[in-house]
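Protein chains in written order, with my numbering: chain A, 1 to 353; chain B, 1001 to 1353.
There are 2 protein chains.
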Amino acid sequence: MGGDDAPEMVVAGLDLAAERHPGGRFLLVGDEARLTPLLAKYKRARAASTVRHAAESVTGDMKPTVALRMRDSSMRLAIDAVANGEASGVVSAGNTGALLALAKIVVKTLPGIDRPAMAATVPSARGDVVMLDLGANVVCDTRNLVEFAVMGEMFARTVLGIPEPRIGLLNVGSEELKGDERLRRAADVLRSSHIGERFHGFVEGHDIAAGTTDVIVTDGFTGNVALKTGEGALKLMGGLLRQVFTSSLSAKIAYLFARTGLDRLREWLDPRRYNGAVMVGLNGVVVKSHGGTDALGFAHAVDVAMNMVEHGFTAGIADGLRKLAEQEKLAALAEPDADALALTGEPPLAEAK
Amino acid sequence: MGGDDAPEMVVAGLDLAAERHPGGRFLLVGDEARLTPLLAKYKRARAASTVRHAAESVTGDMKPTVALRMRDSSMRLAIDAVANGEASGVVSAGNTGALLALAKIVVKTLPGIDRPAMAATVPSARGDVVMLDLGANVVCDTRNLVEFAVMGEMFARTVLGIPEPRIGLLNVGSEELKGDERLRRAADVLRSSHIGERFHGFVEGHDIAAGTTDVIVTDGFTGNVALKTGEGALKLMGGLLRQVFTSSLSAKIAYLFARTGLDRLREWLDPRRYNGAVMVGLNGVVVKSHGGTDALGFAHAVDVAMNMVEHGFTAGIADGLRKLAEQEKLAALAEPDADALALTGEPPLAEAK
């Protein structure tokens, strides 16, 4: 029921996803009265799914604390299905803060994980790059950053299929002395962990699009700003190119000649192709679709969830964390910072503690 | 003497700048034995400048603490000339940390300013936008952010010529509850300050390129990452476009048809056009050119400095700060955070205290 054009966008997206994943079965949770007529329209979605009625739904502007108290929201019932093993994963285009809060409480974090993070892929000159945290934790300590690196590495291995992913820690300079103590300590821990040589060290903002590393690790504030800044810059460029190719007859002719390449470029950079942020560090697959996306974008978020389930992402992360714990690296770190905020800057979760 | 291709790049840039600013007089500080033959080659630079010999120079990898102890470096003598009123401003393509440290100690900060910041313009869909801090302060408190807003407003007024600049505070969401306490308090102070309605509130990463506000205020860590992420995304797009237009004969023909528009776009986004970060909050004009730029880029950094001098930027900021102090807004804020780092993640300055 979440997202700007829900529930139709979701059902239409599911229709596309059902075609791409012939063996997939979907549990569609929401207002049955609204879903039934939509399923009559989207045949493949209907054939692949079961509807579970939910009397209420979490709204976009609802505080996570309020959403946590709702026992019968569509979001809650969908997450419950993951927690009780009925579903392998959940995809939602709804309220991010509520989804993260519910997932943490119902699906729970993996043993040893202090805080889950949001991860997604972004385009780079050398192929897709995983970036995390994208906003689940506004403030992060050394331990969080180290855990993000372990989870990001597993994301790159399982979802992007990179056997030896290289990991970079986002900083204001690549020199070892740059940045704050928290970053320097995280770098030290990673260098001596099982990640070892795959830890590239510090990277800077321009390294994201350059694809210097396969994984970019940062706190949720910086990651959120970087993700949106990069998207904004690409969007600006896209808009300017549109202007160029419609500004004159000669430019319109040019577009016809360069169409194949330009269309491929647009397709490759299409934000819908990067839709689907994964909440990593949970004991199950939880994917957040952008609320403003369309059916194609939502189908991509479903692809991401299917990928993670099929490649044993959750078990892989648990394994990486076990290795880290064995090396007793985490034990050497300070306790998590009690002042650090959880969730995307949502004070409500702090209240809920 | 600073920059990858110095001193020739600097002299060649000065040659261009001398043509653009016929009344300008330049004090060229550096190794006379290297500058003299260059000035024989660049006639306009020679006609407009006086050479001051400096026996030594600050290197790119030198710690600010070491640079601070050098009394006769070209950087020090150039900054001395600003402090003693001989020059109206200084432009350097050298070591950023050293330049900021020297400028703070020699030129000094304006009365009431806790920390100077680095500001520069970036491209947006609605024209150039001022962003600060770009890395002078890795950690910032509420007071710093408020001061940055006042200085950014003056930058937009005097350098970009925007009579009523709109100011945004970079955050992970535009809702009032997002972000940390530090950001929420800065927003409260700005809303009730003389900036008042020109304070737009929180903006997100995508608002930078969208040009939602004329000024983007953020801490030095986030600003540095955002600046470089945006630059990286534009560079990626530029590289991909080059590939598109060289990939086939048909695409090469297309380039010829669209050349005017594409060249204009490239020119507009040319990083050299945005070269010249201003160290705002100092009692004089201090501009940092990118070390890797060429003559055209360096000339632009000189343009920025000339602009600031001609438009009374320093006096304008002092006036804005006085207004803020009169409203006793700053007094209501907590004392500066003693743990906050000065300079671009350079611990040496902390040692120097």
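Think of the CB as a built atom: it goes at the ideal place given N, C-alpha and C, for glycine as much as any other residue.
It should be emphasised that the depicted structure is a prediction, and the values quoted were computed from it without experimental measurement.
Remark: C-beta atoms of Val-130 of chain A and Ala-156 of chain A approach each other more closely than 7 Å.
Around the CB of Glu-164 of chain A, fewer than 16 other CB atoms lie within 10 Å, so the residue is classed as exposed. With a threshold of 7 Å between beta carbons, Met-237 of chain A makes contact with chain B. According to DSSP, residue pairing for Val-1304 of chain B in a beta bridge does not occur. By the Cβ neighbour-count rule, Asn-275 of chain A is buried, with 16 or more other Cβ atoms within 10 Å of its own. Inter-segment contact for the segment 288-306 of chain A and the segment 8-18 of chain A is present: three or more beta-carbon pairs are separated by less than 8 Å. Arg-46 of chain A is not bridged by DSSP to any residue. When only Cα atoms are considered, Ala-1258 of chain B and Glu-1231 of chain B end up about 24 Å apart. One Cα belongs to Ala-33 of chain A, the other to Arg-71 of chain A, and the distance between them is close to 20 Å. Within chain A, Asn-224, Val-225, Ala-226, Leu-227, Lys-228, Thr-229, Gly-230, Glu-231 and Gly-232 have C-beta atoms less than 8 Å from the C-beta of Gly-1205 of chain B, given in sequence order.
Spanning the alpha carbons of Ala-1315 of chain B and Arg-182 of chain A requires a straight line of approximately 38 Å. Within a 10 Å sphere around the beta-carbon of Glu-1204 of chain B sit 16 or more other beta-carbons, which makes this residue buried. For Gly-1281 of chain B against Pro-1116 of chain B, the beta-carbon gap comes to about 4 Å, under 8 Å, which counts as contact.
Leu-265 of chain A and Thr-1212 of chain B have their C-alpha atoms roughly 26 Å apart.
The way I'd put it, the segment 1105-1112 of chain B does touch the segment 1078-1094 of chain B; three or more beta-carbon pairs between them come closer than 8 Å. In the DSSP annotation of this structure, the continuous segment of the beta strand (DSSP E) that includes Thr-1121 of chain B starts and ends at 1117-1122.
Closest in alpha carbon position to Val-285 of chain A, among A:Gly-238, A:Asp-180, A:Ala-119 and A:Leu-145, is A:Ala-119.
Close partners of Ala-78 of chain A in chain B (Cβ separation under 7 Å) are lacking, with about 24 Å as the shortest Cβ gap.
Pro-7 of chain A counts as buried, since at least 16 other C-beta atoms from the protein chains shown sit within 10 angstroms of its C-beta. The shortest C-alpha to C-alpha distance from Ala-1210 of chain B to any of A:Val-29, A:Thr-222, A:Arg-184 and A:Gly-239 is the one to A:Gly-239. Closest option to Asp-1319 of chain B, judged by alpha-carbon separation, among B:Pro-1022, B:Thr-1218 and B:Ile-1113: B:Ile-1113.
With respect to the C-alpha of Asp-1263 of chain B, the residue from B:Thr-1293, B:Gly-1024, B:Leu-1028 and B:Arg-1242 having the closest C-alpha is B:Arg-1242.
Gly-1261 of chain B is a Cβ neighbour of Ala-251 of chain A, given a cutoff of 7 Å. Taking 8 Å as the Cβ-Cβ cut-off, the segment 1102-1125 of chain B approaches chain A at Pro-1123, Ser-1124 and Ala-1125, given in chain order. Not one beta carbon of chain A lies nearer than 7 Å to the beta carbon of Gly-1292 of chain B.
Per the DSSP secondary-structure output, Ile-1167 of chain B pairs in a beta bridge with B:Phe-1199 and B:Val-1215. Three or more Cβ pairs closer than 8 Å define a contact, and the segment 1183-1196 of chain B falls short of that threshold against the segment 1084-1100 of chain B. Take Asp-1004 of chain B, set aside five residues on each side of it, and the residues of its chain with a beta-carbon closer than 7 Å to its own are Gly-1291 and Gly-1292, in chain order. Per DSSP, Ala-277 of chain A is one residue of the beta strand (DSSP E) stretching across 277-280. Going by DSSP, Ser-1092 of chain B is part of the beta strand (DSSP E) stretching over 1089-1092. Neighbours of Val-1244 of chain B in chain A, taken as residues at a C-beta separation under 7 Å, are given in chain order as Ala-258, Gly-261, Leu-262 and Leu-265. DSSP, reduced to helix, strand and coil, places Ser-247 of chain A outside both helices and strands of the structure shown, so it counts as coil. Non-local beta-carbon contacts of Thr-246 of chain A in its own chain, meaning distances under 7 Å to residues more than five positions away in sequence, involve Lys-252 in chain order. Per DSSP, reduced to three states, the secondary structure at Val-1029 of chain B is strand. At a cut-off of 7 Å between C-beta atoms, Ile-208 of chain A counts as an interface residue with respect to chain B. About 6 Å separates the Cβ atoms of Ala-103 of chain A and Met-279 of chain A, confirming a contact at the 8 Å cut-off.
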